[in-house]
Amino acid sequence: MAWDLWRARGSFRGFVEFAIIGGIVIWFLEARGAPELPAVLKDVGEAAGIQIRTAPKQNATLPLGKKTQAPLAPTLGEIELDHRHFEAAPEPLRSQLTQALDAYRARRYQAALDLLNEADPDDRLVLLMRGLALIALRGGDTFQTGIGLLKRAVERGEPKAMGFLGIMTLTGLPGLNRNVEEGRAHLERAAKAGEISALRVLGEGYLTGWIGSIDPARAATYLRAASDRGDLQSTFRLAESYFVGRGMAQDHKEAERLFVLAAERGHAEAQAMLGTWRLFPYLSGVSADPSEALQWLERAAAQGEPHAMENLGLFYVEYGKRSGQQDVPRGVDIFRQCTEQTLHGACAFAYATALHHGEGIPRDPVQAYALYTLSNSRGENPKAVTRMNELKKTLSADEIQRANAMVAEFAAKYGKKSTPETPLLDCSFRSGRPCAG
Numbered sequence: 055m056a057w058d059l060w061r062a063r064g065s066f067r068g069f070v071e072f073a074i075i076g077g078i079v080i081w082f083l084e085a086r087g088a089p090e091l092p093a094v095l096k097d098v099g100e101a102a103g104i105q106i107r108t109a110p111k112q113n114a115t116l117p118l119g120k121k122t123q124a125p126l127a128p129t130l131g132e133i134e135l136d137h138r139h140f141e142a143a144p145e146p147l148r149s150q151l152t153q154a155l156d157a158y159r160a161r162r163y164q165a166a167l168d169l170l171n172e173a174d175p176d177d178r179l180v181l182l183m184r185g186l187a188l189i190a191l192r193g194g195d196t197f198q199t200g201i202g203l204l205k206r207a208v209e210r211g212e213p214k215a216m217g218f219l220g221i222m223t224l225t226g227l228p229g230l231n232r233n234v235e236e237g238r239a240h241l242e243r244a245a246k247a248g249e250i251s252a253l254r255v256l257g258e259g260y261l262t263g264w265i266g267s268i269d270p271a272r273a274a275t276y277l278r279a280a281s282d283r284g285d286l287q288s289t290f291r292l293a294e295s296y297f298v299g300r301g302m303a304q305d306h307k308e309a310e311r312l313f314v315l316a317a318e319r320g321h322a323e324a325q326a327m328l329g330t331w332r333l334f335p336y337l338s339g340v341s342a343d344p345s346e347a348l349q350w351l352e353r354a355a356a357q358g359e360p361h362a363m364e365n366l367g368l369f370y371v372e373y374g375k376r377s378g379q380q381d382v383p384r385g386v387d388i389f390r391q392c393t394e395q396t397l398h399g400a401c402a403f404a405y406a407t408a409l410h411h412g413e414g415i416p417r418d419p420v421q422a423y424a425l426y427t428l429s430n431s432r433g434e435n436p437k438a439v440t441r442m443n444e445l446k447k448t449l450s451a452d453e454i455q456r457a458n459a460m461v462a463e464f465a466a467k468y469g470k471k472s473t474p475e476t477p478l479l480d481c482s483f484r485s486g487r488p489c490a491g
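Quick note, the sequence shown lines up with residues 55 to 491 if you use this note's numbering.
Structure representation (structure tokens):
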């Protein structure tokens with residue numbers, strides 16, 4: 055009997071529906087809340103032979119005074135800092151700085167400060183690292199001292215300090231008032247000083263609006279400059295802009311070229327997007343060979359990209375049957391890995407469904423209930439609520455209590471514990487560069 059996993063979810067029942075979901079995957083709405091998603095859905099829908107009504111486009115320079123979807127604010131992790139930044143420093147300073155950075159990443163902030171006790175207190179790199187460590191300690195006096203050290207580093211021409219101070223000033227922190235104009239000025243100064251990640255932050259800021267206004271054309275200028283200097287996230291975002299014609303003439307060929315460029319150089323989101331894109335011909339029956347799509351999805355999944363893992367699991371659970379590649383246990387295990395690595399809601403729902411029905415894995419209604427709960431952590435999955443209500447009728451009070459305990463245990467074991475106020479250098483697949491020095 056064919057597995058009815060996705061029918062109950064109300065999607066993935068044919069090419070058109072998969073195309074729409076694919077459009078959402080391409081746009082990675084959960085990751086950035088981009089304002090041009092309707093344009094992507096319209097393009098994908100028309101390619102599938104259907105019409106999708108979309109709201110009128112926003113004004114390209116819409117100020118943020120109106121009640122709109124809150125744009126995502128940048129984090130300090132957007133300004134990339136690794137051992138390479140200290141390569142020009144003489145020994146023993148270079149070793150002191152790299153060790154201090156390692157301690158900072160491990161949240162051993164006082165240790166980072168101690169490692170720099172013998173270093174020149176007026177050196178711009180020392181001021182940078184001591185400033186970041188003091189800010190991370192979060193004490194009132196230490197925080198203000200840390201801000202002061204970053205400002206001194208800026209005065210000495212340190213571009214990373216300009217970038218960090220720009221983001222903190224733009225977003226605001228307890229003890230540091232939000233000032234959009236001042237924060238933008240810091241970032242622009244960092245960009246002029248050669249800080250590539252500042253170019254990307256400015257570009258994304260003008261795309262999402264958190265920098266004070268939405269200006270796609272200006273965003274494209276910053277992203278193109280960063281992309282030309284090798285920043286893969288900027289290449290990816292520039293490709294998106296070409297795909298929908300945001301801030302430039304629409305050009306799908308150029309978009310594809312840039313997506314491929316970023317993907318080949320290891321950008322996981324680009325790999326996931328290309329894998330989904332390349333899967334469309336197979337799903338529509340135009341092609342019988344999904345191998346290229348699977349290669350891209352597998353490369354992205356190996357980096358923990360959740361949308362790639364979700365679509366790869368879906369392929370092995372359902373859509374691989376046409377090419378003789380259906381492997382339900384393999385697909386379910388991918389959902390498990392995705393859930394454990396990312397807590398991605400769609401993966402958690404899929405894994406819960408497998409446990410609920412005992413497909414590809416032994417049936418476990420208690421764990422299924424817990425995973426349905428996790429998949430609805432944002433309160434946006436009514437299907438999960440329906441399934442939980444179904445299971446409640448068959449589970450005892452003790453079993454429900456066990457399931458609730460599993461939720462807390464699962465979140466504690468696999469959930470991210472950093473907070474927006476903790477200025478960690480949160481490296482990830484977004485930048486396409488490793489955190490390791």
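All residues carry an ideal CB built from backbone N, CA and C; glycine is no exception.
Shortest Cα-Cα distance from residue 219 to any of 189, 283 and 340 involves 189.
The stretch 414–423 makes no contact with the stretch 392–403, as fewer than three CB pairs between them are under 8 Å. CA-CA distance, residue 370 to residue 381, rounds to 5 Å. Under DSSP, the beta-bridge partners assigned to residue 230 are 227. By the Cβ-count criterion, residue 436 is exposed, with fewer than 16 other Cβ atoms from all chains shown falling within 10 Å of its own Cβ.
Residue range 147–159 is occupied by the alpha helix (DSSP H) that includes residue 157.
Taking the Cα positions, residue 213 is about 18 Å away from residue 148. Taken in chain order, no unbroken stretch of beta strand (DSSP E) lies wholly in the stretch 179–210 with a span of 3 residues or more. The beta carbon of residue 257 sits closer than 7 Å to the beta carbons of 273, 276, 277, 280, 288 and 291 from its chain, once the five residues preceding and following it are set aside; these are given in chain order.
Going by beta carbons, residue 133 and residue 322 fall outside the 8 Å limit.
Counting other Cβ atoms within 10 Å of its Cβ, residue 455 stays below 16 and is therefore classed as exposed. In the three-state reduction of the DSSP assignment, residue 267 falls in the strand class, which pools E and B.
Under the 10 Å beta carbon count, residue 306 is surrounded by fewer than 16 other beta carbons and is classified as exposed.
Nearest Cα to residue 320 within the set 296, 344, 352 and 297: 352. If one requires a minimum length of 4 residues, the alpha helix (DSSP H) runs lying completely within the stretch 315–397 are 322–338, 345–355, 360–371 and 382–396, in chain order. Each residue's CA atom was taken as its position, placing residue 200 and residue 184 some 7 Å apart.
Check the Cα spacing between residue 209 and each of 232, 182 and 159: the tightest is with 182.
Assignment of residue 400 by DSSP, reduced to helix, strand and coil, places it in the helix class. If you look at residue 164, you'll find it in the alpha helix (DSSP H) that goes 163–169. By the CB criterion at 8 Å, residue 333 and residue 317 fall outside the cutoff.
Within the same chain, Cβ atoms closer than 8 Å to the Cβ of residue 284 are found at 250, the five residues on either side in sequence being excluded. Boundaries for residue 304: no alpha helix (DSSP H) harbours it, and the DSSP string shows neither H nor E there. Beta-carbon to beta-carbon, residue 410 and residue 441 are separated by about 7 Å, close enough to satisfy the 8 Å threshold. For the set 267, 150 and 324, the Cα lying nearest the Cα of residue 354 is the one of 324. Across the structure, residue 240 and residue 246 are spaced so that their CA atoms are roughly 10 Å apart.
Note on geometry: alpha-carbon atoms of residue 373 and residue 439 lie some 26 Å from one another. Relative to residue 326, the option among 336, 337, 348 and 343 whose CA is nearest is 348.
In the displayed model, residue 447 falls within coil according to three-state DSSP, outside both helix and strand.
In this structure, residue 221 places its C-beta atom within 8 Å of the C-beta atom of residue 130. For residue 288, the enclosing alpha helix (DSSP H) starts and ends at 286–298. In the three-state reduction of the DSSP assignment, residue 220 falls in the helix class, which pools H, G and I. Look at residue 129 here: in three-state DSSP terms it is coil, with no helix or strand label. In the DSSP assignment, residue 419 falls within the alpha helix (DSSP H) that extends over 419–429. Per DSSP, the continuous alpha helix (DSSP H) segment holding residue 250 begins and ends at 250–262.
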